[in-house]
Amino acid sequence: MRIDQIRRRMWLSASGIFFLSILVTIADRTGILNPFRPALHDALSPGRLMVLAMTSQNSLTVKNEESEDAASNEVQRRNETLLRQFMIENARLRRDLKREQATSAIMQSIEPLNSLAQFELLPASVISSGGMPNSLRDLIVDAGKAAGVTRSELVIAGDGILLDVGSDSSVAAGDRVLTGAIVVGRVDKAARWVSLVQPVTAVGFKSQVILLRQTPDGPHFGAEGMLEGTGNAECTLTGIPHTDAVAVGDEVVSADVNGLRGPRLYFGRVTHAEFLAGGQWDVKVLPAAKIEDLETVGILRLNLHQPATASHKPGERTRAEKKQGDQ
Amino acid sequence: MKTLLFSGCLLWVALAIEIARPQIFPHGSLLLPLTCGVMFWTRSTTGMMLSGTVLLLDWIARPSYLPLCPMILPFIAVTFLAPSRNVDEFDSRRLSFRIPLPLQLPLLTLAAVVLFQLGLVSLPQQNSMDTLLPEFLSGLKALAIIAFPVSAILTLLIRIADEFGMRRSFS
Chain A
1251 MRIDQIRRRM WLSASGIFFL SILVTIADRT GILNPFRPAL HDALSPGRLM
1301 VLAMTSQNSL TVKNEESEDA ASNEVQRRNE TLLRQFMIEN ARLRRDLKRE
1351 QATSAIMQSI EPLNSLAQFE LLPASVISSG GMPNSLRDLI VDAGKAAGVT
1401 RSELVIAGDG ILLDVGSDSS VAAGDRVLTG AIVVGRVDKA ARWVSLVQPV
1451 TAVGFKSQVI LLRQTPDGPH FGAEGMLEGT GNAECTLTGI PHTDAVAVGD
1501 EVVSADVNGL RGPRLYFGRV THAEFLAGGQ WDVKVLPAAK IEDLETVGIL
1551 RLNLHQPATA SHKPGERTRA EKKQGDQ
Chain B
3 MKTLLFSGCL LWVALAIEIA RPQIFPHGSL LLPLTCGVMF WTRSTTGMML
53 SGTVLLLDWI ARPSYLPLCP MILPFIAVTF LAPSRNVDEF DSRRLSFRIP
103 LPLQLPLLTL AAVVLFQLGL VSLPQQNSMD TLLPEFLSGL KALAIIAFPV
153 SAILTLLIRI ADEFGMRRSF S
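These protein sequences, in sequence, are chains A and B. Per my numbering, residue 1251 is the first one in the first sequence, and the count goes up by one each step. Per my numbering, residue 3 is the first one in the second sequence, and the count goes up by one each step.
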C-alpha cells in the first residue's frame, strides 16, 4: 500500500512538473517571463561572482604566464621574419654586386676607350618642327642680298626640325638629338647658328638598335638590328636574324652611339612583328618621340678626355713656372 | 529537510559555476548529472520536485526551444526510482527485469543529456537533417565529456554512502 502511494505521488509530482513546464513554456512564448529572467540571474549572481573571484586568481596567473609566453613567441617570430628578410636582401645584393662586377669587368675589357669618352648633352630649342619656315627663309635671303652677302651656311632647305644651335656650338652632322632619353633623330646638316635634324621616321635615317623585352625577371636584351625611317609614322627594323625572336611590345633601344657604348637611348616600341615565308622578319616600330610637341631638345655629343701625360704633386711648381719665376 | 536544503545549494552552485565559466562547463554539463544525482539520492517526491523545479528555473534563466528536460526527465526518473510492486521472491519463480543499480544514474544522466540536446533544436532547424545531426552530436559530445564523469563519481559516492549506511532507504 505504501509502495503504491509512493509511486502515485512520484507520478503525480512528475506530472505536476510536466504541466508546470508547459505553463512556463507558454508564459515564455507570451513574454510574461521576461521580467523574471533578470531577477533569476540576480539570484545566481552571488554564486557566479564567487566562482569568478575564486578562479580569477588562478586564471590571472595562468594568463600572465601565457601572455609572457605569447609576447616572447611573438618577438621571436618577428625576429625570425626580419632575419629571413635580411638574409634574402643580403643574397639579392650579393647577386646584384656580382653581376655588376662581372658586367663592368666585361665592359672594361671590351671597350677600354670608354674611360676616354664622355658624352655631353647640348641643350637646344626647336625653331621649327616642320623645317625652315618660308617667311624666315625669305627674310634671310632678302637680308643677304641687301648686305652683299654671297654665301651662307644656313640651312635653307630640307624637312625636319630646325634647332637654334649650329657648328658654333660644336654641333656636327650625325649627332643624335634627344628629348629626355628618347631619340628624336640625328643632326643632318649643321650650319653656323642652326641645325637641321633628320627625324627618326625620315627616309634615310638609320641606326643600330637592340630589342629590349620586359619580363617578370627584369629587362632582357634581344636581337640587334637596323632601324630605318620610311617617311611614314612608323619605322622598319631590318637585319634581325631569323633565329631571334621578336614580339609586339618589345622596346627598341640604341645599340651604341657613334660606335661606342654609351647610354641606352630609347627609340620606340614594336607594333608589328611578322615572320615572313622567306625567313625574314617584318618588324614595324612606332617611335616614341612626337616631333610636333617638341620645344627643347638635347644634342648628344662625344668628347674625348686627354689623359694627363705627367702628374705633379699639389703645390709643386712645374718647370715652366719655375723658369718664369726665376726670370 | 537538510538533504533538500543541501541539494538546493548544490544545484544553485552548479548553476552559478556553469554561468560563470561557460567555456569550461557547457550549459547543462554539471547541472544535469547533479540533478539526476539528487533525484537518485533522495528517491522521493520532494527530491524530484526540487530537481524538476531547478531544471525549469535553469530553462527560464537560459531558455532553449523547449524545456524537454523538466518535462520528461521526471517521468523517466520515476520508472527508474519508484519502488517496485513485484518483489522478487525466490520461491515464486517470478523474475522482473531491473536495470542494475550502478548503471541507473549514468543512464538517467544519458537520458537527461539527450533530452537537453533535443530541447536545443528548434523546429525550423529540424528540416535540415544534414546540418542538424553533426551539430546535435557535437553538442552531445561536449556535454557528455563532463556529465558522464560527474555522473560516475556521484554513482560511486552514492554506492559508498549506501555501504556505510549514510543514505535513507525505502520502507
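Backbone N, C-alpha and C define an ideal beta-carbon position, used for all residues, glycine too.
Let's test the definition: count the other Cβ atoms within 10 Å of the Cβ of residue i and tell me whether it reaches 16, buried, or not, exposed.
i	result
B/Thr47	buried
A/Ser1457	buried
A/Val1325	exposed
A/Lys1534	buried
B/Leu57	buried
A/Gln1351	exposed
A/Ala1455	Note that residue 1455 of chain A corresponds to Phe in the displayed sequence, not to Ala. Looking at its Cβ environment, which holds 16 or more other Cβ atoms inside 10 Å, A/Phe1455 is buried.
A/Ala1597	Chain A is shown only over 1251 to 1577; residue 1597 of chain A falls outside these bounds and no answer can be derived.
A/Ser1265	exposed
B/Phe166	exposed
B/Gln25	exposed
A/Ser1271	buried
A/Val1498	exposed
A/Thr1275	buried
Measuring alpha carbon to alpha carbon, tell me which residue in the options is nearest residue i.
i	options	result
B/Pro65	B/Thr133, B/Ile21, B/Phe8, B/Gln25	B/Ile21
A/Gly1430	A/Pro1373, A/Phe1269, A/Val1447	A/Pro1373
B/Leu68	B/Val80, B/Phe27, B/Gln119, B/Gly30	B/Gln119
B/Ile2	B/Phe27, B/Arg45, B/Gly39	The question about residue 2 of chain B has no answer here: the residues shown for chain B are numbered 3 through 173.
A/Gly1481	A/Thr1451, A/Glu1474, A/Val1433	A/Thr1451
A/Tyr1516	A/Leu1526, A/Thr1546, A/Arg1426, A/Val1498	A/Arg1426
B/Val80	B/Arg169, B/Leu139, B/Thr44	B/Thr44
A/Phe1286	B/Leu59, B/Gly39, B/Pro24	B/Leu59
B/Trp61	A/Gly1472, A/Val1301, A/His1291, A/Ala1505	A/His1291
A/Ala1422	A/Asn1553, A/Trp1531, A/Leu1262	A/Asn1553
A/Glu1542	A/Ile1460, A/Ala1483, A/Arg1514, A/Pro1513	A/Ala1483
B/Ile105	B/Gly10, B/Arg169, B/Thr37, B/Leu158	The question names Ile, but residue 105 of chain B in the sequence shown is Leu. Considering only alpha carbons, the answer is B/Leu158.
B/Gly54	B/Val152, B/Phe42, B/Ala144, B/Met73	B/Met73
Is there a C-beta anywhere in chain A that falls below 8 angstroms from the one on residue i?
i	result
B/Gly54	yes
B/Arg169	no
B/Met51	yes
B/Thr187	Nothing about residue 187 of chain B can be reported from this structure: the residues present for chain B run from 3 to 173 only.
B/Trp14	yes
Note down, in chain order, every chain D residue with its Cβ under 7 angstroms from the Cβ of residue i.
i	result
A/Ser1317	No chain D appears in the structure shown, which is made up of the protein chains A and B.
Would you kindly report the start and end of the unbroken beta strand (DSSP E) that includes residue i?
i	result
A/Lys1439	1432 to 1440
A/Thr1465	1456 to 1465
A/Ile1541	It is not in any beta strand (DSSP E) - A/Ile1541 carries neither H nor E in the DSSP assignment.
A/Arg1551	1546 to 1554
A/Pro1469	1468 to 1478
Taking 8 angstroms as the threshold (beta carbon to beta carbon), is residue i in contact with chain B?
i	result
A/Thr1280	no
A/Ala1264	yes
A/Ile1256	yes
A/Thr1521	no
A/Val1301	yes
A/Ile1267	yes
A/Met1337	no
A/Ile1253	yes
A/Arg1344	no
A/Ser1271	yes
A/Val1274	yes
A/His1291	yes
A/Arg1349	no
A/Leu1462	no
Taking the alpha helix (DSSP H) that residue i belongs to, which residues open and close that run?
i	result
B/Ser31	Careful: B/Ser31 lies outside any alpha helix (DSSP H) and carries neither H nor E.
B/Val116	103 to 122
B/Leu139	131 to 165
A/Ser1263	1252 to 1280
B/Ala18	4 to 22
Report the residues of the region 58 to 88 of chain B with a CB closer than 8 angstroms to any CB of chain A, ordered along the chain.
-> Leu58, Leu59, Trp61, Ile62, Ala63, Pro65, Leu68, Pro69, Pro72, Met73, Ile74, Pro76, Phe77, Ala79, Val80, Leu83, Ala84, Pro85, Ser86, Arg87
What residues in the region 18 to 38 of chain B have a beta carbon less than 8 angstroms from any beta carbon of chain A?
-> Cβ contacts with chain A come from Ala18, Ile19, Ile21, Ala22, Arg23.
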